[in-house]
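Residue numbers (mature numbering (1 follows the signal peptide of the UniProt record, and there is no 0)): -20 to -1, 1 to 65. Just so it is clear, CB atoms sit at the ideal spot from N, CA and C, and this is done for glycine as well. Take a look at the structure set out below.
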Amino acid sequence: MRKIVLAAVAALTLAGCTTAERDAALGGAAGAAIGGLATGRAAGAVVGGVVGAASGVLIGKATRTGWCVYRDRYGRLYEARCRGL
């Protein structure tokens, strides 16, 4: 019963997030699970969670239709409408 309640709370928490936050959370959870299983240590889960969250954000941004990420001459990233090919 406790697992069901925790799963429901987690689902409701993610329902209130924006798409980018949801992508980061899901990527982080998947990365933590994979890192923990691969290494069998908490440090592996932490590293996997960080890498997964970062990947989730980047993948989420890349799937935004009509918008692209560009880099200015100072190396900063910014979003703008995609340029025609």
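- Taking a C-beta distance under 8 Å as the contact criterion, Ala4 and Gly28 do not qualify as a contact pair.
- In this structure, Gly8 sits away from Gly46, with a CB-CB distance that is not shorter than 8 Å.
- Here the alpha carbon of Arg61 sits roughly 10 Å from the alpha carbon of Tyr50.
- Scanning its chain for C-beta atoms nearer than 6 Å, with the 5 sequence neighbours on each side dropped, one finds around Cys48 the residues Cys62, in chain order.
- Under DSSP, Tyr50 forms a beta bridge with Tyr58.
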